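Sequence lines, in order, name chains W and Y.
Those letters in the first sequence? Residues 1 to 408, by my numbering.
Those letters in the second sequence? Residues 409 to 657, by my numbering.
Note that the Cβ used here is the ideal one computed from N, Cα and C, for glycine as well.
Being a predicted model, the structure only gives us computed values, none of them experimental.
Worksheet: the structure to be examined is printed underneath.
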Amino acid sequence: MPTTDLATLRDAAAHAWQLAGWPTPRLEAWKHTNLRAVEATSWTPAPAAAALDLHTGPLPGTVGTLVLVDGALNLDASTLPEGVQVRSLPEGAPPQLGSIAETKRLEDALVARNLAKFDRGVTLHVAQGVVAGPVELRFLTTDRSTPWEAETRVFIALAPHAELTLVERHLSTSDRAYLINQVTEVSLAPGARLRHTQVQRQGAAATHLSKVAVHQERDSRYEAQVLQLGAALGRSDIEVYLREPGASCQLDGLYHGRGTQHLDNHSAIHHLADHTQSGEHYKGVLDERATGVFRGNVLIHAGARGCSTAQLNRNLLLSDKATVHTKPQLEIDNDDVTASHGATIGQLDDKALFYLRSRGIPKDTARQLLIFAFVAEILTQLPLESLRDGLHEELAKRLAEQTGEIGV
Amino acid sequence: MLEIKNLHAEVEGHEILKGLDLSLKGGEVHAIMGPNGSGKSTLSYVLAGREGYDVTHGDVTFADKDLLDMEADERAREGVFLAFQYPVEVPGVSNKVFLKHAVNSLRKHRGEEELDAVAFLKLFKSKLKMVKMDPKLAGREVNHGFSGGEKKRNEILQMALLDPKLAILDETDSGLDIDALKAVSDGVNALRSEDRAMLVITHYQRLLDYIVPDKVHVLLDGRIVKSGGKELALELEERGYDWIRAEQA
């Protein structure tokens, strides 16, 4: 029976968490992201959240908005979309929950913690052949004076040939400390397609830890665009399992760090079957004393023939004290593969800067135009036009915050 | 309009301009010819204010102002325009956005009202027609995916939009076939005016058949060593530069 299985899984997870504890930089997967301060904080578990200001109306172009406050689904504030079965967690837990995201390794300790402790979240299910969305998952937070935390789960299941466009936004105006530990599991049946935009705009003192684990069956497709803009410490960790032939995924990311922000982007794409394809393109802009991390692993397992993968991470450092650690990594266990990977760390192109200035454009404006040009590429990947326009404006504003204004 | 006196400039510690003198009046078109390494591009970059090109001696007066005292974008707003030999590609920046910024920076500097999107588009379309440029290129990213000829035409489009007092054309003909050369030259000629001086820097005489200069100067080893009328260009084409070197010895 499902509940019993889940209970067993949760017990095992509690045990794993107890043994492992908070990950330390001694673990390769946490080498550049130190959780010491997070571990040392006394976090109060968030209570059942009260009603909150919806934070403006629906995103134009969406057919439903699911509002989660402090990670808990608030049906009163939500507009249910057609074609998607929505249930609150943990009551609505489907049988597969807990079986997709890894919990056994030391580095997965936080996933284990989440499985053991989660008391809130949402599941989305799209039936066979149904095309649904765009749907917004809007995560809002309560402003509290004592540091609080929430363990949230999201489970997304698409039946054969189902399609869903999902926009997940984490919006917070709170300047105080809180911790969100979210695990999202995705199950894509044969021929299913999920377009998953994730915008992280948490508060300035927030810690946002997000793990997304995706099981993909034959000919399914997962397209993710991950934008990390907020939080004091943000970590996006995506693991994809291309389990059957024809499965493919594309991960695009943008992280823009300022002040002392630390934005970590991890991914592991497992090619487990023949003729699977993956692509990854992450861009980082780090300013002031911010740090960025990119760790992209692509694993072509033995016996997975005729696969192709292309991986690229490009970083722009705008100040002397900004740092980025980048490590794209390919592990190839068989010869029949087409693969490319690369990483760059650079500054603004001097020639382009001079060209713009030689046309009378002031230095600061020219810099901002070039930085915007660098980040804007990911906007073309976003399926929702209103989001694209909104982010276009937001990014322009963020970049102009140093000096002057740019109109793009 | 432009007065260059005893200009010495170096790049990465090497002196390239070794005492260059030149004087231009409004309405005039002067050509500068010289062999490779004589300092043609260095002169362009020094006048435009590119970093890395250090002036060690000399003065440059532009419209009664000290040009060397200004930064690159200031010079452009004062009315200096450089048509690049190798126009820079700026992927991710739309040609229209770039040009609107340039036009409005200029207008702001002149105390004129900045153009909104609609007004700019109108101005833009009229200039596109003038330089006979494909409207499709307007919406693309700056010089990205443009052919050599299209890049040079984009330079002339910018010149038309920015209405400079001094236009420096740095080997505008390099990499162009006859048709492109003619189109670019037509654009340049249409922009001749009493209020504008042009410096046409070229390696080959051929361009000067289309953009006929008032004066021709020979740049050799970092200095202007000889000046004459347009016939001088033809003589250089026939005889090369050695006879001038001999004259100087």
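Could you tell me which residues DSSP puts in a beta bridge with residue i?
| i | result |
| --- | --- |
| residue 416 of chain W | No answer is possible for residue 416 of chain W: it lies beyond the span of chain W, which begins at 1 and ends at 408. |
| residue 148 of chain W | W:44, W:178 |
| residue 623 of chain Y | Y:438 |
| residue 423 of chain Y | Y:418 |
| residue 163 of chain W | W:131, W:193 |
| residue 209 of chain W | W:181, W:235 |
| residue 328 of chain W | W:296 |
| residue 62 of chain W | Looking at the DSSP assignment, residue 62 of chain W forms no beta bridge with any residue, so it has no partner. |
| residue 413 of chain Y | Y:467 |
| residue 270 of chain W | W:241, W:299 |
| residue 186 of chain W | W:156, W:214 |
| residue 346 of chain W | W:316 |
| residue 171 of chain W | W:140, W:201 |
Which residue from the options puts its Cα closest to that of residue i?
| i | options | result |
| --- | --- | --- |
| residue 390 of chain Y | Y:580, Y:476, Y:440 | Lying outside 409 to 657, the shown extent of chain Y, residue 390 of chain Y is not represented and no answer is given. |
| residue 255 of chain W | W:15, W:325, W:301, W:136 | W:325 |
| residue 72 of chain W | W:327, W:336, W:363, W:137 | W:137 |
| residue 140 of chain W | W:150, W:306, W:274 | W:150 |
| residue 224 of chain W | W:196, W:59, W:213, W:235 | W:196 |
| residue 416 of chain Y | Y:429, Y:410, Y:643 | Y:429 |
| residue 263 of chain W | W:272, W:28, W:293, W:60 | W:293 |
| residue 174 of chain W | W:162, W:148, W:193 | W:148 |
| residue 455 of chain Y | Y:575, Y:565, Y:602, Y:644 | Y:575 |
| residue 638 of chain Y | Y:649, Y:630, Y:626 | Y:626 |
| residue 184 of chain W | W:111, W:219, W:260 | W:111 |
| residue 621 of chain Y | Y:642, Y:448, Y:628 | Y:642 |
| residue 550 of chain Y | Y:571, Y:530, Y:509 | Y:509 |
| residue 251 of chain W | W:296, W:372, W:286 | W:296 |
| residue 577 of chain Y | Y:461, Y:495, Y:427 | Y:495 |
| residue 424 of chain Y | Y:461, Y:634, Y:514 | Y:461 |
| residue 330 of chain W | W:321, W:349, W:322, W:342 | W:342 |
| residue 70 of chain W | W:39, W:62, W:143, W:314 | W:143 |
| residue 37 of chain W | W:179, W:59, W:374 | W:179 |
| residue 126 of chain W | W:313, W:94, W:156 | W:156 |
| residue 365 of chain W | W:397, W:383, W:336, W:392 | W:397 |
| residue 188 of chain W | W:199, W:129, W:226, W:201 | W:129 |
| residue 275 of chain W | W:334, W:291, W:287 | W:334 |
| residue 482 of chain Y | W:363, W:215, W:306 | W:363 |
| residue 409 of chain Y | Y:488, Y:651, Y:458 | Y:488 |
For residue i, does the three-state DSSP call read helix, strand or coil?
| i | result |
| --- | --- |
| residue 403 of chain W | In this predicted model, residue 403 of chain W has a pLDDT of only 42, less than 50, meaning its place in the structure is not dependable enough to derive any value. |
| residue 409 of chain W | Any property of residue 409 of chain W remains undetermined from this structure, which presents chain W solely from 1 to 408. |
| residue 318 of chain W | coil |
| residue 1 of chain W | The predicted model places residue 1 of chain W with a pLDDT of 40, which falls under 50 and marks its position as unreliable; any figure quoted below should be read in that light. In this structure, residue 1 of chain W counts as coil in the three-state DSSP scheme. |
| residue 361 of chain W | coil |
| residue 510 of chain Y | helix |
| residue 200 of chain W | strand |
| residue 521 of chain Y | coil |
| residue 288 of chain W | coil |
| residue 648 of chain Y | coil |
| residue 352 of chain W | helix |
| residue 311 of chain W | strand |
| residue 341 of chain W | strand |
| residue 408 of chain W | Annotation note: pLDDT 48 at residue 408 of chain W (below 50); position unreliable, coordinate value reported separately. In this structure, residue 408 of chain W counts as coil in the three-state DSSP scheme. |
| residue 563 of chain Y | helix |
| residue 641 of chain Y | helix |
| residue 246 of chain W | coil |
| residue 539 of chain Y | coil |
| residue 334 of chain W | coil |
So residue i and residue j are supposed to be a Cβ contact under 8 Å. How far apart are they, rounded?
| i | j | result |
| --- | --- | --- |
| residue 316 of chain W | residue 346 of chain W | 6 Å |
| residue 217 of chain W | residue 190 of chain W | 5 Å |
| residue 89 of chain W | residue 120 of chain W | 6 Å |
| residue 299 of chain W | residue 268 of chain W | 7 Å |
| residue 172 of chain W | residue 206 of chain W | 6 Å |
| residue 167 of chain W | residue 122 of chain W | Their Cβ separation, rounded to whole angstroms, is 14 Å, which puts residue 167 of chain W and residue 122 of chain W out of contact at 8 Å. |
| residue 532 of chain Y | residue 507 of chain Y | 7 Å |
| residue 186 of chain W | residue 222 of chain W | 7 Å |
| residue 561 of chain Y | residue 608 of chain Y | Contact flag wrong, Cβ pair sits at about 16 Å. |
| residue 135 of chain W | residue 81 of chain W | 5 Å |
| residue 570 of chain Y | residue 359 of chain W | 7 Å |
| residue 541 of chain Y | residue 565 of chain Y | 6 Å |
| residue 61 of chain W | residue 385 of chain W | 6 Å |
Please give the ranges of any beta strand (DSSP E) in the stretch 78-151 of chain W, keeping only runs that are unbroken, at least 3 residues long and fully inside the region. 85-89, 120-126, 131-140
Can you list, in chain order, the residues of the stretch 528-541 of chain Y whose Cβ is nearer than 9 Å to any Cβ on chain C? Here the protein chains are W and Y, and chain C is not one of them.
Any beta strand (DSSP E) of 3 or more consecutive residues that is wholly inside the stretch 436-499 of chain Y: 437-441, 461-470, 488-491
Within the stretch 566-637 of chain Y, ranges of the alpha helix (DSSP H) (whole runs, at least 4 residues): 586-598, 615-618
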